[in-house]
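Student:
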Amino acid sequence: MSFLVAYSDTPAGRDALALGVRAAHAADTTLDIVVVRHAENATPPQDGFTRYLEATIDTWLAKAGDKARATLGDDHVRVHQRLAESTAQGLFDAASDLGSEVIFVGGAKDGLRGRLALSSLASVLVHASPVAVAAVAIMCDSCPASGWRLSLIHI
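Written out as structure tokens, the structure is:
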């Protein structure tokens, strides 16, 4: 069993990571941190943009992995860069390949009165995911452990 974080180096991605780390710690399970790169950006390896994009994602994953390892330890954190036609499909494939039971995703920042709003990615995941989806309201990363609210959706 593992948990999967749909990561990007954005406030929503960092929120998903914070929630994923807390949940993996509580469940004593492995956390997989995944960044999906779109296949249309898969140009030949010698292309400068592709090398730049891969290096940028590697940097994001290294920082996210270090943050997660500070709580979970080296043996409970894995990082992955995936290539897929869509972010959602890449996450579904990663969840299947890695045996993940939950996908953690950050929410959108425009919820009414501070409520959770689903980003376009979270909406697709909620409606099509073969595993549970945990969406977290923005700003979870800076909240104390007792100061955040979880919305767990499984269809």
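Just add 1 to the spot in the sequence shown (first one is 1) and you have the working numbering.
The C-beta atom is built at its ideal place from N, Cα and C for all residues, glycine as well.
1) For Arg-79, I'd like the list of residues in its chain whose CB is within less than 6 Å of its CB, leaving aside the five on either flank, ordered along the chain.
2) Less than 9 Å between CB atoms is the rule here; does Ser-121 satisfy it with respect to chain C?
3) Could you check how far apart the C-beta atoms of Ala-95 and Val-35 are, in whole angstroms? I think they sit under 8 Å.
4) Could you tell me the boundaries of the alpha helix (DSSP H) in which Leu-62 lies?
5) Take Leu-18 and list the residues in its own chain whose beta-carbon comes closer than 8 Å to its own, dropping the five residues that flank it on each side.
6) So, for Gln-82: in the same chain, excluding its five sequence neighbours on each side, which residues have a beta-carbon less than 6 Å away from its beta-carbon?
7) Buried or exposed: where does Ile-156 fall if 16 or more other Cβ atoms within 10 Å of its Cβ makes it buried?
8) CB Val-137 to CB Gly-108, shorter than 9 Å?
9) The beta strand (DSSP E) spanning Thr-31 covers which residue range?
10) What separation, rounded to the nearest whole angstrom, lies between the Cα atoms of Leu-99 and Ser-3?
11) Return yes when the Cβ of Asp-10 is within less than 9 Å of the Cβ of Trp-61, no when it is not.
12) Pull up the CB-CB distance for His-26 and Leu-84, whole angstroms please, since I reckon it's below 8 Å.
13) Taking Leu-18 as part of the beta strand (DSSP E), name the residues at either end of that continuous run.
14) Compare the Cα-Cα distances from Asp-75 to each of Ala-135, Thr-31, Val-125 and report the closest residue.
15) Going along the chain, which residues of its own chain have a beta-carbon closer than 6 Å to the beta-carbon of Arg-38, five neighbours each way excluded?
Tutor: Reading off the structure:
1) Here residue 79 refers to the residue found at position 78 of the sequence shown. Same-chain partners within the cutoff: Asp-33.
2) Structure shown: chain C not included; a single protein chain is present.
3) For the purposes of this step, residue 95 is taken as residue 94 along the sequence shown, with counting starting at 1. For the purposes of this step, residue 35 is taken as residue 34 along the sequence shown, with counting starting at 1. About 5 Å separates the CB atoms of Ala-95 and Val-35; that is less than 8 Å, so the two are in contact.
4) For the purposes of this step, residue 62 is identified with residue 61 of the sequence shown, where counting begins at 1. Its alpha helix (DSSP H) spans residues 49-73.
5) Mapped onto the sequence shown, residue 18 falls at position 17. Around Leu-18: Val-6, Tyr-8, Ile-34, Ala-65, Lys-68, Ala-69, Phe-105, Asp-142.
6) Residue mapping note: residue 82 aligns to position 81 of the sequence shown, counting from 1. Exclusion of the five residues before and after Gln-82 leaves Val-36, Ile-58 as the residues of its chain whose Cβ lies within less than 6 Å of its Cβ.
7) Numbered from its first residue, the sequence shown carries residue 156 at position 155. Its pLDDT being 45, under 50, Ile-156 is placed unreliably in this model, and the value from its coordinates should be taken loosely. Residue environment: Ile-156 is assigned as exposed (fewer than 16 neighbouring CB atoms within 10 Å of its CB, all protein chains considered).
8) Reading the sequence shown from its first residue, position 136 is the one you call residue 137. Reading the sequence shown from its first residue, position 107 is the one you call residue 108. Taking 9 Å as the Cβ cut-off, Val-137 and Gly-108 qualify as a contacting pair.
9) Within the sequence shown, the letter at position 30 stands for residue 31. 31-39 is the extent of the beta strand (DSSP E) around Thr-31.
10) Here residue 99 is taken as the residue at index 98 of the sequence shown, counted from 1. Here residue 3 is taken as the residue at index 2 of the sequence shown, counted from 1. About 7 Å.
11) The sequence position of residue 61 within the sequence shown is 60, counting from 1. The sequence position of residue 10 within the sequence shown is 9, counting from 1. Going by C-beta atoms, Trp-61 is nearer than 9 Å to Asp-10.
12) Against the sequence shown, residue 26 aligns to sequence position 25. Against the sequence shown, residue 84 aligns to sequence position 83. The pair is not a contact, with the Cβ atoms about 30 Å apart (cut-off 8 Å).
13) Locating residue 18 in the sequence shown gives position 17, counting from the first residue. That residue, Leu-18, is in no beta strand (DSSP E); its alpha helix (DSSP H) goes 12-28.
14) Start at 1 with the first residue of the sequence shown, and residue 75 comes out as number 74. The closest CA to that of Asp-75, considering only Ala-135, Thr-31, Val-125, is found on Thr-31.
15) One-based indexing of the sequence shown puts residue 38 at position 37. Residues of the same chain with a CB within less than 6 Å of the CB of Arg-38, apart from the 5 flanking positions on each side, are Leu-84 in chain order.
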